[in-house]
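Asker: Dropping the structure in here first, questions after.
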Amino acid sequence: MDNKTGSEDKPVQRSKSFSLKTQKEVCASCEKTVYPMERLVADKFIFHTSCFCCKHCNTKLSLGSYAALEGEFYCKPHFQQLFKSKGNYDEGFGRRQHKELWASKEPEKLTKTA
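Quick note on numbering: the sequence shown equals residues 1 to 114 in UniProt numbering.
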């Protein structure tokens, strides 16, 4: 007697609850995958511990030794030095001063009201 059941033709169904599909986190500096053991989070940015460096001198930073301004990270000595060199956060860090932006808008307001 040939006792065949249809179970041989069906593929084995595996449980889908054990899925390792996790969202890959990417380093804000090198844009490569960051694994949990090398993960560092500073100001909502994710870094490798080796990629978390000062923008000015490239020194490795830690969570206790950095200062951030507009998504840029600096060691505390260079952050203070760049601020003190010009006396403001814009010019010291290579940006246009806000007062220049205001000065360019003021003549427009005077011509509209006159």
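Cβ coordinates follow ideal geometry from the N, Cα and C atoms, glycine included.
These numbers were taken from a predicted model, which means no experiment stands behind them.
1) Between which two residues does the beta strand (DSSP E) holding C30 run?
2) Between which two residues does the beta strand (DSSP E) carrying Y66 extend?
3) Determine the closest residue to K55 out of K24, K84 and P77, with distance taken between C-alpha atoms.
4) Does C57 pass the burial test, meaning 16 or more other C-beta atoms within 10 Å, or should it be called exposed?
5) Just checking my contact of C27 with C51 at CB under 8 Å: how many whole Å lie between their CB atoms?
6) Can you tell me where the beta strand (DSSP E) holding Y74 begins and where it ends?
7) Quick one: using the 10 Å Cβ neighbour count with 16 as the cut-off for buried, is C75 buried or exposed?
8) In the DSSP output, which residue or residues are listed as bridge partners for H48?
9) Is K84 helix, strand or coil when you go by DSSP?
10) Any idea which residues DSSP pairs F53 with across the strands?
Answerer: Concretely, from the data shown:
1) Taking the first residue of the sequence shown as 1, we reach residue 30 at position 30. Looking at the DSSP string, C30 is not in any beta strand (DSSP E), and its letter there is neither H nor E.
2) Numbered from its first residue, the sequence shown carries residue 66 at position 66. Unbroken beta strand (DSSP E) run through Y66: Y66 to L69.
3) Walking along the sequence shown from the start, residue 55 turns up at place 55. Checking every option, the nearest Cα to that of K55 belongs to P77.
4) What you label residue 57 is simply residue 57 of the sequence shown in a count that begins at 1. Burial call: exposed.
5) If you number the sequence shown from 1, residue 27 lands on position 27. If you number the sequence shown from 1, residue 51 lands on position 51. So it is a contact: roughly 5 Å between Cβ atoms.
6) For the purposes of this step, residue 74 is taken as the residue at position 74 of the sequence shown. From DSSP, the beta strand (DSSP E) with Y74 extends over E72 to C75.
7) Looking up residue 75 in the sequence shown gives position 75. So C75 counts as buried.
8) Numbered from its first residue, the sequence shown carries residue 48 at position 48. Per DSSP, R39.
9) Mapped onto the sequence shown, residue 84 falls at position 84. Here K84 sits in helix by DSSP.
10) The residue given as residue 53 occupies position 53 in the sequence shown. The sequence as given places Cys at residue 53; Phe does not occur at that position. C53 is bridged to K60.
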